[in-house]
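S.K.:
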Amino acid sequence: MADKHSMSEMDQKLVNVKIDGKAITAPASLSAIQALWYAGYSRIKSVGCLEGVCGSCRVLVRRAGNSEVRTQLGCQTLIEEGMQVMFLVFPRPTHHTYKLEEISSSWEVQTKFHKIFPEASRCRECRGCNASCPKEIDVMKGVALAAKGRFREAGELFVECVMCDLCLTACPELIAPNHVGLFSRRVTAYFHTRPSNLIRRLEGLQRGKFKVNVEGETP
Ligand code: SF4
Ligand code: SF4
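Quick note, our numbering runs 19 ahead of the 1-based positions in the sequence shown.
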């Protein structure tokens, strides 16, 4: 295998890991996906953008000397000596379906939300969603905000969500928290509820708090 790799790779510290049960020795600078490829194993399932934004490469990770098993993204997990990694291939599809155009006005959103996501108000605050989220989103709070009809605030919490479905899989109440987040963001945009930071910025501009540089104008 050595001749397949460049000298700069070989100069790096090598670590021993197990990925999907395969014993692999690879440079510590590689992610779990890259380490698999480095060792000559092909992997197509559960691999997407490689930059942590597509949510495809969900993995279970256990570090040496630590009994805790964590959920992370394979493309964002740098390998360490003694690490064990297992790719998760699912998901359980969500059973929540809706069409935004069937919601006639913003007055109806809350009622419709509880029809589409009747489980949301049954959140048992187990924090399984928060513990599983590789983006460290306060998922449980997002669900609670949406259940109260505070969709703009709920949607803002889910901005970093990559739809990896880990929270959906972890939820014992079948709430599909990531879809609650997506619904919140969609209705906020659909009914033109502007984001609060944009509103604050525009208010600041109106009060003359910020200078506007219009092209061609001298400052
Ligand atoms: S909120 Fe859920 S779907 Fe989104 S990144 Fe976190 S665990 Fe993944
Ligand atoms: S996993 Fe489900 S029930 Fe548990 S806190 Fe999250 S949304 Fe609530």
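Just so it is clear, CB atoms sit at the ideal spot from N, CA and C, and this is done for glycine as well.
No experiment lies behind these values; they were computed from the predicted model shown.
Using 8 Å as the threshold, is the region 200-210 in touch with the region 125-136, meaning 3 or more CB pairs across them?
M.R.: Counting Cβ pairs under 8 Å, three or more are found: they touch.
S.K.: Which two residues bound the contiguous alpha helix (DSSP H) that contains I98?
M.R.: Residue 98 sits at position 79 when you count from the first residue of the sequence shown. Run containing I98: none; DSSP gives neither H nor E here.
S.K.: Under a Cβ-count criterion, where at least 16 other Cβ atoms within 10 Å of its own Cβ denotes burial, should G93 be classed as buried or exposed?
M.R.: Mapped onto the sequence shown, residue 93 falls at position 74. By the 10 Å Cβ count, G93 comes out buried.
S.K.: Which word fits V78, buried or exposed, when buried means at least 16 other C-beta atoms lie within 10 angstroms of its C-beta?
M.R.: Along the sequence shown, one-based indexing puts residue 78 at 59. So V78 counts as buried.
S.K.: Going by other Cβ atoms of all chains shown within 10 Å of its Cβ, with 16 needed for buried, is G147 buried or exposed?
M.R.: Against the sequence shown, residue 147 aligns to sequence position 128. Buried, since its Cβ has 16 or more Cβ neighbours within 10 Å.
S.K.: For S86, which of C183, H114, C186 and M102 has the nearest alpha-carbon?
M.R.: The residue you call residue 86 lines up with position 67 of the sequence shown. Ranking C183, H114, C186 and M102 by Cα distance to S86 puts M102 first.
S.K.: With burial defined as no fewer than 16 other Cβ atoms inside 10 Å of the residue's Cβ, what is the status of H114: buried or exposed?
M.R.: Counted from its first residue, the sequence shown places residue 114 at position 95. Per the 10 Å Cβ criterion, exposed.
S.K.: Looking at C-alpha atoms only, which residue of C183, Y60, K37 and V158 is the closest neighbour of E172?
M.R.: The residue given as residue 172 occupies position 153 in the sequence shown. Minimum Cα distance to E172 is reached at V158.
S.K.: Would you check whether ligand 2 has a heavy atom nearer than 7 Å to the C-beta of A165?
M.R.: The sequence position of residue 165 within the sequence shown is 146, counting from 1. No - ligand 2 has no heavy atom lying nearer than 7 Å to the Cβ of A165.
S.K.: So what's L69 in DSSP terms, helix, strand or just coil?
M.R.: Translated into positions along the sequence shown, residue 69 becomes position 50. Of the three classes helix, strand and coil, the one that applies to L69 here is coil, per DSSP.
S.K.: Which value, in whole angstroms, describes the spacing of the CA atoms of V231 and I218?
M.R.: The residue labelled residue 231 in the question sits at position 212 within the sequence shown. The residue labelled residue 218 in the question sits at position 199 within the sequence shown. Distance between the alpha carbons of V231 and I218 is about 16 Å.
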